[in-house]
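A quick write-up on the structure given underneath.
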Amino acid sequence: MSQKKPEKLIDEKDIRFDNRKLNEMRPVKIEVGILGNADGSAYIEQGKNRILAAVYGPREIHPKHQALPDRAALRCRYHMAPFSVQERKSPAPSRREVEISKVMREALEPSVFTEYYPRTAIDLFVEVLQADGGTRCAGITVASLALADAGIPMRDLVSACAAGKVESRIVLDLSDVEDKSSDGADVPVAYMPNLNAVTLLQMDGMLTPDEFEQVLNLAVEGCKQIGQVQKEALRAKYVTAKEVATETEEEAEEEAKE
Amino acid sequence: MPIFHEKRQLVTPGDLLAENDYINGENTYKENGKIYATRVGLFDHDDKRIFVVALKSFYIPMVGDTVIGKVLEVMLSGWIVDVRAPYVALLRASDALERPVRPQRDDLPALFDVGDMMIAKIVAYDRTRDPLLTVLERGLGKVARGQTIEITPTKIPRVIGKKGSMITTIKNETGCQVIIGQNGRIVIAGKTPEDERLAIMAIRLVEQEAHTTGLTDRVTEMLRKEKVEKSDKEVAENVPKET
Numbered sequence: 032m033s034q035k036k037p038e039k040l041i042d043e044k045d046i047r048f049d050n051r052k053l054n055e056m057r058p059v060k061i062e063v064g065i066l067g068n069a070d071g072s073a074y075i076e077q078g079k080n081r082i083l084a085a086v087y088g089p090r091e092i093h094p095k096h097q098a099l100p101d102r103a104a105l106r107c108r109y110h111m112a113p114f115s116v117q118e119r120k121s122p123a124p125s126r127r128e129v130e131i132s133k134v135m136r137e138a139l140e141p142s143v144f145t146e147y148y149p150r151t152a153i154d155l156f157v158e159v160l161q162a163d164g165g166t167r168c169a170g171i172t173v174a175s176l177a178l179a180d181a182g183i184p185m186r187d188l189v190s191a192c193a194a195g196k197v198e199s200r201i202v203l204d205l206s207d208v209e210d211k212s213s214d215g216a217d218v219p220v221a222y223m224p225n226l227n228a229v230t231l232l233q234m235d236g237m238l239t240p241d242e243f244e245q246v247l248n249l250a251v252e253g254c255k256q257i258g259q260v261q262k263e264a265l266r267a268k269y270v271t272a273k274e275v276a277t278e279t280e281e282e283a284e285e286e287a288k289e
Numbered sequence: 002m003p004i005f006h007e008k009r010q011l012v013t014p015g016d017l018l019a020e021n022d023y024i025n026g027e028n029t030y031k032e033n034g035k036i037y038a039t040r041v042g043l044f045d046h047d048d049k050r051i052f053v054v055a056l057k058s059f060y061i062p063m064v065g066d067t068v069i070g071k072v073l074e075v076m077l078s079g080w081i082v083d084v085r086a087p088y089v090a091l092l093r094a095s096d097a098l099e100r101p102v103r104p105q106r107d108d109l110p111a112l113f114d115v116g117d118m119m120i121a122k123i124v125a126y127d128r129t130r131d132p133l134l135t136v137l138e139r140g141l142g143k144v145a146r147g148q149t150i151e152i153t154p155t156k157i158p159r160v161i162g163k164k165g166s167m168i169t170t171i172k173n174e175t176g177c178q179v180i181i182g183q184n185g186r187i188v189i190a191g192k193t194p195e196d197e198r199l200a201i202m203a204i205r206l207v208e209q210e211a212h213t214t215g216l217t218d219r220v221t222e223m224l225r226k227e228k229v230e231k232s233d234k235e236v237a238e239n240v241p242k243e244t
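If you read the protein sequences in the order shown, they are chains S and H. Each residue of the first sequence is one higher than the one before, starting from 32 at the first, in my numbering. Each residue of the second sequence is one higher than the one before, starting from 2 at the first, in my numbering.
Quick look at the structure:
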């Protein structure tokens, strides 16, 4: 995975160095429920990003003093594997990882009905196996699916996507090389598509107010696209269930009522 | 009053299910007159209520439920019991002995030791306190023998079947005693390990195909076929010995 920085990231025809259009995302592939030991899990490939998410709980909280009297504590750990980047990364949590863990938790918490399960913990692990820019967004996307897979009640799925400025052009879903190019800007956004609510909004770099509005709208569009892929991935796990579902369900419910 | 899905359609969290005059049932929530799903499941509704039958969930204690618990810890005057819920349950010694408890004399580990399985009933629970159990009713108490298996709690109604049809079938066909806990644990006690194996196979089949029709018939068929194969094998093994 040697990354040579191309001369120009965007050519005269508005095609990016990896043959994408300005408002085109990297290909996304998501699988749900792939870990046996976790209560819920998901895996995403977005471009060269490869990220696993696992959810445990709601379960008893340890240490006890972390328990919240009115809701479940969502504990999130974002971690990059030592082999996830070109230079070996120390496996100890870095300042950056601690921060991303926090913003991920804050991006996901509004979607979860934590108030249903007070004094418990929902533990979320996001492991980056291979990083290529935009891992916090892809991480939020998979984590949300892992939560849904664990059967935790949620207001909506959270989809995340970044947009920004590269070589004075507004682009969607920045890759690592684009992100690191000079005088650009990167705006990661997490969004709940059905509720039309933004749960994460960060920016590094500089943008004019006009540019910022364009970038934000583009990122939200990206989130909506990701949202569709998320739904399909979640459904894919149960397609067989859907096809053969027939009147027995009714019987089952009658039993449940009795 | 529009409804946006057909019955038994697969929905995901956040999907808009219906608007206005409906009541939000299981696994849904209402905001600004709109009802959304909160879990992955199959959409359903009746005249008033909109609900989702979850495909996967975890056990939340309910007062009156019979559950199968595992002892985690023996304390001075009771036991801490795992019931597969987000909260650990407590069984007080006074809810296990039919007389006043004498902490110096009574030997609690002799009743239930760490790791023992028990059939218990939830007598008290709300979200501010941990569930409280009792074993002082008929049919409750220690699990003396057999095996326990775990399934998703949402699928328990299917294992029981309409008016208990599925569970009766499994019991009759395998000759096993089967005790179902609402928390998704099932105790199977049979005369031979082979019988237990058959019962477990049947329950796993129900779990996998919980959403299909004619399941009871298929389970019966599967069990009969397995039994025939087994007896054939036994005959084949026995014949040479006798001659």
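No residue lacks a Cβ here, since even glycine has one placed at the ideal position from N, Cα and C.
For residue i, I'd like the list of residues in its chain whose CB is within less than 7 angstroms of its CB, leaving aside the five on either flank, ordered along the chain.
i: E242 (chain S); result: K196, I201
i: T172 (chain S); result: I75, S190, A191, I257, Q261
i: A85 (chain S); result: L66, A69, S72, F156, A177
i: N80 (chain S); result: Q161, A162, D163, G165, T166, A169
i: I81 (chain H); result: L73, E74, V89, L91
i: E43 (chain S); result: none
i: E140 (chain S); result: L105
i: G26 (chain H); result: R50, I51, F52
i: P104 (chain H); result: L77, S78
i: E128 (chain S); result: Y109, H110, M111
Taking the alpha carbon of residue i as the reference point, which residue from the options has its own alpha carbon closest?
i: M56 (chain S); options: S:R119, S:Q97, S:E252; result: S:E252
i: H6 (chain H); options: H:D47, H:D117, H:Y88; result: H:D47
i: K143 (chain H); options: H:P3, H:V102, H:L112; result: H:L112
i: N225 (chain S); options: H:P3, H:G15, H:L11; result: H:G15
i: I82 (chain S); options: S:E130, S:S175, S:T239; result: S:S175
i: I69 (chain H); options: H:V84, H:S78, H:I61; result: H:V84
i: E146 (chain S); options: S:V134, S:R186, S:A181, S:D180; result: S:R186
i: D22 (chain H); options: H:V41, H:V12, H:N33, H:N173; result: H:N33
i: D180 (chain S); options: S:I41, S:N50, S:L40, S:P89; result: S:P89
i: G185 (chain H); options: H:Y60, H:I168, H:T129; result: H:Y60
i: G176 (chain H); options: H:K192, H:R100, H:G182, H:A97; result: H:K192
i: I204 (chain H); options: H:T135, H:L18, H:A145, H:I161; result: H:I161
i: I296 (chain S); options: S:E137, S:R51, S:I153, S:P122; result: Only positions 32 to 289 of chain S appear in this structure, which leaves residue 296 (chain S) out of reach.
i: P87 (chain H); options: S:E130, S:T151, S:S125; result: S:T151
i: R133 (chain H); options: H:V102, H:L98, H:R93; result: Looking at the sequence shown, residue 133 (chain H) is not Arg but Leu. Of H:V102, H:L98, H:R93, the residue nearest in Cα terms is H:R93.
i: V229 (chain S); options: S:S115, S:S125, S:N248, S:I41; result: S:N248
i: R130 (chain H); options: H:L137, H:P62, H:A121, H:D107; result: H:P62
i: C254 (chain S); options: S:S212, S:L188, S:G236, S:D101; result: S:L188
i: K268 (chain S); options: S:E62, S:D45, S:D207, S:D101; result: S:E62
Leaving out the 5 sequence neighbours to the left and right, which residues in its chain are closer than 6 angstroms to residue i when beta-carbon positions are compared?
i: L232 (chain S); result: V220
i: K231 (chain H); result: none
i: R9 (chain H); result: L43
i: S132 (chain S); result: C107, R108, Y109
i: Q148 (chain H); result: I189, E197
i: V208 (chain H); result: The question names Val, yet the displayed sequence has Glu at residue 208 (chain H). Contacts found: I152, K156.
i: K273 (chain S); result: Per-residue confidence for K273 (chain S) stands at a pLDDT of 47, beneath the threshold of 50, marking its modelled position as unreliable; the derived number appears in the next sentence. Contacts found: none.
i: D210 (chain S); result: G164, D217
i: H96 (chain S); result: none
i: Q77 (chain S); result: R57, V59, A169
i: P3 (chain H); result: E20
In the DSSP output, which residue or residues are listed as bridge partners for residue i?
i: L83 (chain S); result: S:Y74, S:E158
i: G25 (chain H); result: The question names Gly, but residue 25 (chain H) in the sequence shown is Asn. DSSP lists H:I51 as partners of N25 (chain H).
i: S190 (chain S); result: S:Y222
i: Q148 (chain H); result: H:I189
i: R103 (chain H); result: Answer is none; R103 (chain H) lacks a bridge partner.
i: D235 (chain S); result: S:D217
i: D127 (chain H); result: H:R130
i: G142 (chain H); result: H:I120
i: I61 (chain S); result: S:I75
i: M185 (chain S); result: S:V143
Using a Cβ-Cβ cut-off of 8 angstroms (strictly less than) and excluding sequence neighbours within five positions of residue i, which residues of its own chain qualify?
i: E227 (chain H); result: L199, M202
i: K288 (chain S); result: Low per-residue confidence applies at K288 (chain S): pLDDT is 48, beneath 50, and the placement is therefore not dependable, though the value from the model is reported in the following sentence. Answer for K288 (chain S): no residue qualifies.
By the 9 angstroms beta-carbon criterion, what residues does the segment 174-187 of chain S contribute toward chain H? Correct list: S175, L178, A179, D180, A181, G182, I183, P184, M185, R186, D187.
Practice task
Please name the residues in the segment 99-132 of chain H whose beta-carbon is closer than 8 angstroms to at least one beta-carbon of chain S, in chain order.
Solution key: For the segment 99-132 of chain H, which is checked against every Cβ of chain S, the residues closer than 8 angstroms are R128, T129.
message: Tell me which residues of the segment 54-86 of chain H have at least one Cβ-Cβ distance to chain S shorter than 7 angstroms, keeping chain order.
response: Here the close residues are V54, A55, L56, K57, S58, F59.
Which whole runs of the alpha helix (DSSP H) in the segment 156-235 of chain H are 4 residues long or more, in chain order?
You should have 157-161, 166-175, 194-209.
Checklist line | Residues of the segment 36-49 of chain H with Cβ closer than 8 angstroms to any Cβ of chain S, in chain order | finding: Within the segment 36-49 of chain H, the residues whose Cβ lies closer than 8 angstroms to some Cβ of chain S are Y37, T39, R40, V41, L43, D45, listed in chain order.
Please identify, using Cβ separations under 7 angstroms, the residues of the segment 135-148 of chain S that lie next to chain H, in order along the chain. Residues passing the 7 angstroms Cβ filter: F144, Y148.
| message | Short of 8 angstroms Cβ to Cβ, which residues in the segment 195-227 of chain S face chain H? | response | Correct list: M223, P224, N225, L226.
Q. Closer than 8 angstroms, Cβ to any Cβ of chain S: which residues of the segment 11-29 of chain H, in chain order?
A. Answer set for the segment 11-29 of chain H: L11, T13, P14, G15, D16, L17, N28.
Checklist entry - If you measure beta-carbon to beta-carbon, which residues of the segment 249-269 of chain S are closer than 7 angstroms to chain H? => result Result list: K262, L265, R266, Y269.
*Relative to chain H, which residues along the segment 77-97 of chain S have a C-beta separation below 8 angstroms, given in chain order?*
Per Cβ criterion, the list reads G88, P89, R90, E91.
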